[in-house]
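Student: Numbered per UniProt numbering, the sequence shown finishes at 332, counting up by one with no gaps.
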Amino acid sequence: MSNLVVVQKRNYVGVLTLNRPQALNAIDDVLQNQILDVLEKWKFDSRIYIILINSSSERAFCAGGDIRKIADLVRSGKKQKGLEIFKYNYVLANYILHYSKPIISVMDGITMGGGIGLGAFATYRFVTERSILAMPEVMIGLTPDAGSSFLFQNAPGFSGLRAMLTGQRFNGNTAIKLGFADYMIYSSELELFLQKLTELQPNEINFFLSTYKQSYEFDNKTLKQIADIYQASSVAKIIEKLRKSKYNWAVCDFKTILKACPFSLEVTYRAWHLKLPTQEAVLTRDLLLVSHLIQRADFLEGVRAAVIDKDHNPKWNQAPISESEINSCFDY
Numbered sequence: 001m002s003n004l005v006v007v008q009k010r011n012y013v014g015v016l017t018l019n020r021p022q023a024l025n026a027i028d029d030v031l032q033n034q035i036l037d038v039l040e041k042w043k044f045d046s047r048i049y050i051i052l053i054n055s056s057s058e059r060a061f062c063a064g065g066d067i068r069k070i071a072d073l074v075r076s077g078k079k080q081k082g083l084e085i086f087k088y089n090y091v092l093a094n095y096i097l098h099y100s101k102p103i104i105s106v107m108d109g110i111t112m113g114g115g116i117g118l119g120a121f122a123t124y125r126f127v128t129e130r131s132i133l134a135m136p137e138v139m140i141g142l143t144p145d146a147g148s149s150f151l152f153q154n155a156p157g158f159s160g161l162r163a164m165l166t167g168q169r170f171n172g173n174t175a176i177k178l179g180f181a182d183y184m185i186y187s188s189e190l191e192l193f194l195q196k197l198t199e200l201q202p203n204e205i206n207f208f209l210s211t212y213k214q215s216y217e218f219d220n221k222t223l224k225q226i227a228d229i230y231q232a233s234s235v236a237k238i239i240e241k242l243r244k245s246k247y248n249w250a251v252c253d254f255k256t257i258l259k260a261c262p263f264s265l266e267v268t269y270r271a272w273h274l275k276l277p278t279q280e281a282v283l284t285r286d287l288l289l290v291s292h293l294i295q296r297a298d299f300l301e302g303v304r305a306a307v308i309d310k311d312h313n314p315k316w317n318q319a320p321i322s323e324s325e326i327n328s329c330f331d332y
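1. Taking only the alpha-carbon atoms, compute the straight-line gap between Asp45 and Gly14 and give it to the nearest angstrom.
2. With distance defined between alpha-carbon atoms, name the residue in Gly65, Met139 and Asn173 nearest to Lys255.
3. In angstroms with no decimal places, state the Cα-to-Cα distance between Ala163 and Ser264.
4. How is Leu36 classed by DSSP in three states: helix, strand or coil?
5. Which one of Ser291, Trp272, Thr211 and Asp298 has the shortest CA to CA distance from Gln153?
6. For Leu178 versus Gly160, is the C-beta spacing smaller than 8 Å?
7. Could you give the DSSP three-state label for Cys62: helix, strand or coil?
8. Per DSSP, Ile48 is paired with what?
9. Which residues in the same chain have their Cβ closer than 7 Å to the Cβ of Tyr186, if we skip the five residues on either side of it in sequence?
10. Terminal residues of the continuous beta strand (DSSP E) containing Gly160?
11. Restricting to Cα atoms, I'd like to know which of Gln225, Phe330 and Asp311 is closest to Lys289.
12. Could you tell me which uninterrupted alpha helix (DSSP H) segments, each at least 4 residues in length, are contained entirely in the region 138-210, listed from first to last along the chain?
13. What are the boundary residues of the alpha helix (DSSP H) that includes Arg75?
14. Output the boundary residues of the beta strand (DSSP E) element that contains Leu18.
15. Around the Cβ of Tyr332, are there at least 16 other Cβ atoms within 10 angstroms (buried) or fewer (exposed)?
16. Does DSSP put Asn89 in a helix, a strand or coil?
17. Quick one: Cα of Ala118 to Cα of Gln318, how far?
18. Pull up the CB-CB distance for Leu16 and Ile51, whole angstroms please, since I reckon it's below 8 Å.
19. Assign Ile321 to one of three DSSP states: helix, strand, or coil.
20. By the 10 Å Cβ neighbour count, where 16 or more other Cβ atoms means buried, how is Val30 classified, buried or exposed?
21. Are three or more beta carbon pairs between the region 165-180 and the region 209-227 nearer than 8 Å?
Quick look at the structure:
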């Protein structure tokens, strides 16, 4: 079995480095099991006080689940096996959230899908100037998952709904504004940061980490503009508001949202408004929604356009969407 994680014990710090760079550390069953095996052992290692999860690649922390593999399984009639890959991401996110020792995640580079679940539910969530976070699932016929809608629903105003419906990429500063991270560090400082961290005693670590904490926030004007557009009674009304808007960002949003899967937009809009109280509840709902969405032709078409042919010109199902179709996705 290949080593998809590199493990180090450095003083009181356990360092777990994701090492599947050719796949941007996309999470499959093998990578998930290796991560869980290491973390489970470190639970009972009295020498390890804190865990740091990073990547061997400067390009990506973790790009999420292996979407191409999922699509191949669905296409060959193995939908349940495809769904299992989503489960790997969700189990990992829940495990990280409830882990008994503090975890530092360094979301340096691309962090999407299950990568959000792995990094954004850690105790200390770091981003860098190279961080690119996103949940672009509406662009492939899915909906933001891996527990991300729990963060989006708690983001200021309607900023989370906007990010979900547009699948927008956001940098480290915006990740902090949206509630996906709390700490900022320059990528050039990461090696020195780790060196200093491993020289500390446990009672010194929290203060050391606090020096990197940031409190970037959306200004009230921006939040009001976003609410002017996204506080609407339907996706259609949001799109109409975007079409008429003179805000520069809204013009970009309009072009982007028109590329998204119409059915995914409806499901995502509903999911954001049906706010759930815990991450566990959101993860359960995510699996339910995904189980429906991967069975739709839009999913395979979205993956074809975005991942396989990369023409970014999906031919979505344009049939009218009924309320009962949307409701069925939320029926347990």
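Cβ atoms here follow ideal geometry from the backbone N, Cα and C, with glycine treated the same way.
Tutor: Judging by the given coordinates:
1. 10 Å
2. Met139
3. 14 Å
4. helix
5. Trp272
6. yes
7. strand
8. None, per the DSSP bridge assignment.
9. Thr128 and Glu129
10. Premise fails: Gly160 lies in the alpha helix (DSSP H), Ser159 to Thr166, not in any beta strand (DSSP E).
11. It should be pointed out that residue 289 corresponds to Leu in this sequence rather than to Lys. Considering only alpha carbons, the answer is Phe330.
12. 148-153, 159-166, 172-178, 190-198 and 202-210
13. Ile67 to Arg75
14. Val13 to Leu18
15. exposed
16. helix
17. Note that residue 118 is Leu in the sequence shown, not Ala. C-alpha separation (whole angstroms): 35 Å.
18. 6 Å
19. coil
20. exposed
21. yes
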